[in-house]
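Numbering (our numbering), first residue to last: 1300 to 1417. We treat Cβ as the ideally placed atom computed from N, Cα and C, and that holds for glycine.
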């Protein structure tokens, strides 16, 4: 397990797991290995959205407007690469250790489901 504070969410990211630690706030599961970061899951997700000229709240609002989600709304981070975070519990719920609060599902077929018809 490594500490890489420059880590960015991408195609190889598999999951973000909040941890209860005074220094590290998130454990990242990636194809290249595991990382312990001082940023929260939400901070990492917000940064990933900003890099694609969006925001966490804006992406959630757009998905909720287009689809019937009220809770556990998927977060579209990068539509062109189909990077979408599917929460398994609330991003603010730290009371359920062992669950993956935000799981990344990377599949190009999902992109077809969120693209409006031409």
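CB of residue i within 7 Å of CB of residue j, strictly
{"i": "residue 1354", "j": "residue 1362", "result": "no"}
{"i": "residue 1350", "j": "residue 1337", "result": "no"}
{"i": "residue 1374", "j": "residue 1384", "result": "yes"}
Euclidean distance between Cα positions of residue i and residue j
{"i": "residue 1264", "j": "residue 1326", "result": "In the structure as shown, the chain starts at 1300 and stops at 1417, and residue 1264 therefore has no counterpart that could be examined."}
{"i": "residue 1307", "j": "residue 1377", "result": "12 Å"}
{"i": "residue 1382", "j": "residue 1317", "result": "19 Å"}
{"i": "residue 1387", "j": "residue 1369", "result": "14 Å"}
{"i": "residue 1407", "j": "residue 1322", "result": "Its pLDDT being 38, under 50, residue 1407 is placed unreliably in this model, and the value from its coordinates should be taken loosely. Taking the straight line joining both Cα atoms gives about 35 Å."}
{"i": "residue 1366", "j": "residue 1339", "result": "27 Å"}
{"i": "residue 1319", "j": "residue 1335", "result": "11 Å"}
{"i": "residue 1352", "j": "residue 1305", "result": "19 Å"}
{"i": "residue 1356", "j": "residue 1329", "result": "25 Å"}
Member of the options whose CA lies at the smallest distance from the CA of residue i
{"i": "residue 1300", "options": "1333, 1319 and 1328", "result": "1333"}
{"i": "residue 1331", "options": "1322, 1303, 1379 and 1384", "result": "1303"}
{"i": "residue 1380", "options": "1348, 1356 and 1360", "result": "1348"}
Stretch pair the stretch 1343-1361 + the stretch 1308-1323: three plus CB contacts closer than 8 Å: yes
Those runs of the alpha helix (DSSP H) which lie wholly inside the stretch 1329-1367 and span at least 4 residues: 1340-1350 and 1355-1365
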